[in-house]
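A quick write-up on the structure given underneath.
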Amino acid sequence: RKTNLINFLNDTILLLTKTCKNLIVKANATTDAFKNNITLFTRILDRLLDGYDNRLRPGLGVYLSASITKSVA
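Counting the sequence shown from 1 gives a position; our numbering is that position plus 1.
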């Protein structure tokens with residue numbers, strides 16, 4: 002009877018170990034996919050802005066400007 006319990010515990014520990022390893026691999030793959038998406042997004046944005054003519058809006062992104070609006074009642 003003790004042998005059955007020991008075998009059961011060994012099998013359970015082995016199964017949990019394999020499951021944890023699989024979860025870690027999946028988490029790493031998800032993180033890598035997220036990083037790849039960010040890289041892809043950055044490349045697309047860089048290509049779009051590469052041809053942007055700064056003469057259209059000089060100073061865009063250089064400094065912040067404030068605009069004050071007044072409501073007319």
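We put the CB at the ideal spot given by N, CA and C, even for glycine.
The straight-line gap separating the alpha-carbon atoms of isoleucine 69 and lysine 36 is approximately 40 Å. The C-alpha of lysine 19 lies about 18 Å from the C-alpha of isoleucine 7. Assignment of lysine 3 by DSSP, reduced to helix, strand and coil, places it in the helix class.
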